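Enquirer:
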Amino acid sequence: MTLHAGIFGYPIRHSISPAMHNAAFGSAEIDAVYEAWETAPDRLAAGVAALRDGSFLGANVTVPHKQAVMEHLDDIDSLATRIGAVNTIVNQNGRLLGSNTDALGFINSLKNEAGVNVSGLNVVLIGAGGAARAAAYALVDERVGELTIANRTVERAESLATELRKTGAETVSYGISDPDLLSACERADLIVNSTSVGMLHGPAEGESPIPASAISPGCVVYDMVYNPSRTPLLTDAEKSGARIVGGLPMLVHQGAAAWTRWTGREAPVEVMFEAAREALGL
Ligand code: NAP
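Mapping the sequence shown onto the numbering used here, position 36 (from 1) lands on 24, and the numbers just tick up by one.
1) In the DSSP assignment, what are the bridge partners of residue 55?
2) Going by the DSSP bridge assignment, what does residue 63 pair with across the sheet?
3) Please report the distance separating the alpha-carbon of residue 139 from that of residue 246.
4) Can you check which of these residues, 261, 174, 193, 201, is closest to residue 183 by C-alpha distance?
5) If I measure Cβ to Cβ from residue 219 and keep anything under 6 Å in the same chain, skipping five residues before and after, which residues do I get?
6) For residue 184, is the beta carbon positioned less than 6 Å from some heavy atom of the ligand NAP?
7) In this structure, does DSSP put residue 45 in helix, strand or coil?
8) Do you know how far the Cα of residue 168 is from the Cα of residue 135?
9) If you follow the beta strand (DSSP E) that residue 231 is in, where does it begin and where does it stop?
10) With DSSP collapsed to three states, give me the class of residue 289.
11) With distance defined between alpha-carbon atoms, name the residue in 29, 240, 204 nearest to residue 264.
12) Does DSSP put residue 96 in a helix, in a strand, or in coil?
13) Let's see if you can read the secondary structure: which residues bound the alpha helix (DSSP H) around residue 159?
14) Indicate whether the contact test is met: 3 or more Cβ pairs, each with one atom in the stretch 252 to 269 and one in the stretch 0 to 17, closer than 8 Å.
15) So, with DSSP's three-state summary, where would you put residue 15?
16) With respect to 6 Å, is the separation between the Cβ of residue 212 and the closest non-hydrogen atom of the ligand NAP below this value?
17) Distance, Cα to Cα, residue 180 vs residue 253?
18) Of all the options 59, 81, 28, which has the alpha carbon lying nearest to the alpha carbon of residue 42?
19) Where do the N-terminal and C-terminal ends of the beta strand (DSSP E) with residue 211 fall, by residue?
20) How would you write the range of the beta strand (DSSP E) that residue 125 sits in, first residue to last?
21) Cα-Cα, which of 55, 61, 56 is closest to residue 46?
22) What do you get for residue 270, buried or exposed, if any count of 16 or more other CB atoms within 10 angstroms of its CB means buried?
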């Protein structure tokens, strides 16, 4: 029997996840197919219910369904519960388990592709949406040093910082234009952009979330945006002498973690990287 997996999103036509996961199934000689399922919000419940069939390994979930999907699952692991978003569903004999592999994808991409261990580091995280929440909880779980969260809507940054402080984390929050954010960036070991600023075809295409002058040469600058592969933030960071990491490694590592949950096997990460680069025309 051919097994199935896929991704719920709306829109989802340009997803590179099918290329990445199908390459992994092919290389591991697993008879399975991964598809992009364009799913309007009113079709999500039915789509998720169909996953209980034995021919489905599970699914990925992306914008705008990562929160809404939670009420349709039988169980949600503790990390996804804390983040408040599910990006991976595993079909365990008809029961649907939700988890979040964005957090692991973020940490593994830093460790494996950039050799960065975040423990004790001074980190500036820009954004307070779903991707930022995954990164924030991953950083706190890895015992980051001081964590500064900055967001356009400052209330969202404050609310995330307050939540994290309850877990014992040392966290401050700013609006994205606050002058204090610039000094926090100058002191940072790691700056992470988890907003959609700079994203191709997005509302802030061609822009950077922080001025180039805020980036110090000794810093690592990480941009979750993977298309374009060289965002304005990364271009500025490179000119400042900082080390840079783009969003593609996170995309591949979150996918690899999901694939392992579905198959119980170690994911062929290099095969997935190659397929993702090819799908993006890199
Ligand atoms: P989201 O929940 O919609 O959050 C969007 C974030 O971007 C919010 O913090 C929002 O601020 C901020 N933002 C949007 N437009 C802005 C602008 N013009 N100026 C300043 N801030 C702006 O989205 P998400 O799921 O967190 O995704 C965020 C980005 O991360 C996307 O580009 C996504 O592709 C990327 N991502 C990458 C990976 C990966 O594997 N590489 C994984 C997940 C996400 P407000 O709160 O003020 O609206």
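We put the CB at the ideal spot given by N, CA and C, even for glycine. Here the structure is a predicted model, which is why all the values come from computation and not from measurement.
Expert: In terms of the structure at hand:
1) Residue 55 pairs with nothing; no bridge assigned.
2) Residue pairing by DSSP places residue 63 opposite 85 in a beta bridge.
3) Cα to Cα, residue 139 sits roughly 28 Å from residue 246.
4) The candidate whose alpha carbon is nearest that of residue 183 is 193.
5) For residue 219, where only same-chain residues beyond five positions count, the Cβ hits under 6 Å are 186, 211, 213.
6) Within the cutoff, so yes.
7) Of the three classes helix, strand and coil, the one that applies to residue 45 here is strand, per DSSP.
8) C-alpha separation (whole angstroms): 14 Å.
9) Residue 231: member of the beta strand (DSSP E) spanning 231 to 233, first to last residue.
10) Shown here, the chain extends from -11 to 270; a query on residue 289 therefore has no answer.
11) Looking at the Cα atoms, 240 is the closest of the given residues.
12) Under the three-state reduction of DSSP output, residue 96 falls in the helix class.
13) Note, residue 159: premise wrong, no alpha helix (DSSP H); beta strand (DSSP E) at 158 to 163.
14) Contact holds: three or more Cβ-Cβ distances are below 8 Å.
15) When DSSP states are grouped into helix, strand and coil, residue 15 belongs to the helix group.
16) The ligand NAP has a heavy atom closer than 6 Å to the beta-carbon of residue 212.
17) Looking at the two C-alpha atoms, the distance is approximately 30 Å.
18) Shortest Cα-Cα distance from residue 42 to any of 59, 81, 28 involves 81.
19) Run containing residue 211: 208 to 211, per the beta strand (DSSP E) assignment.
20) Unbroken run through residue 125 is the alpha helix (DSSP H), 118 to 129; no beta strand (DSSP E).
21) Nearest of 55, 61, 56 to residue 46, Cα basis: 61.
22) Exposed.
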